[in-house]
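Written below as C-alpha cells is the structure these notes are about.
Written out as C-alpha cells, the structure is:
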C-alpha cells in the first residue's frame with residue numbers, strides 16, 4: 844500500500860504492520876509497557892517509514908491499545924487509583940513537552956535516546972538492574 848504524507852510517498856506492507864501491531868498490543872497489555880519500544884522499530888525498520896511519521900502515528904496506535912488494556916486490567920482488579928492519580932499529571936506534562944523537545948533536536952539524537960531507553964528496558968527485564 845502506498846502512503847502519502849505531505850507530498851512524500853512511502854510503500855508500506857500493511858500485512859506486516861497489522862500483524863506486528865497486533866502482536867505488540869498483546870505483549871504490551873501483558874507486560875504493562877506502552878508498546879512504543881517495539882512499535883517504533885516495527886514502523887521504521889519493517890515498514891520503512893521515517894521517524895517524523897512514526898512518532899506521532901505510533902503514539903496514536905498505542906493510545907487505543909493502552910486504553911483497551913487498561914480497561915481490561917481494571918476489570919480484573921489490577922488497578923491502583925492512587926498510583927494512577929499521582930502519575931497522571933506528570934504523564935500529561937511529559938506528553939506535552941516531549942514533542943516540543945523532539946522537534947528541536949535532530950532525528951539522530953531522538954533515535955539515540957530511544958535506543959538508550961530500549962537498552963535500559965532490556966537490562967531491567969533481564970534482571971541486570
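Residue numbers (the working numbering): 844 to 972. By construction, the Cβ of each residue, glycine as well, lies at the ideal position given by its N, Cα and C atoms.
The three-state reading of DSSP puts residue 853 in strand, counting E and B together. Its chain contains no residue whose beta carbon lies nearer than 8 Å to that of residue 959 once the 5 sequence neighbours on both sides are disregarded.
Beta-bridge analysis with DSSP links residue 846 to 853. Judged by DSSP in its simplified three-state form, residue 967 adopts helix. Pairing residue 970 with residue 847, the inter-Cα distance amounts to about 42 Å. In this structure, the CA atom of residue 966 is about 36 Å from the CA atom of residue 844.
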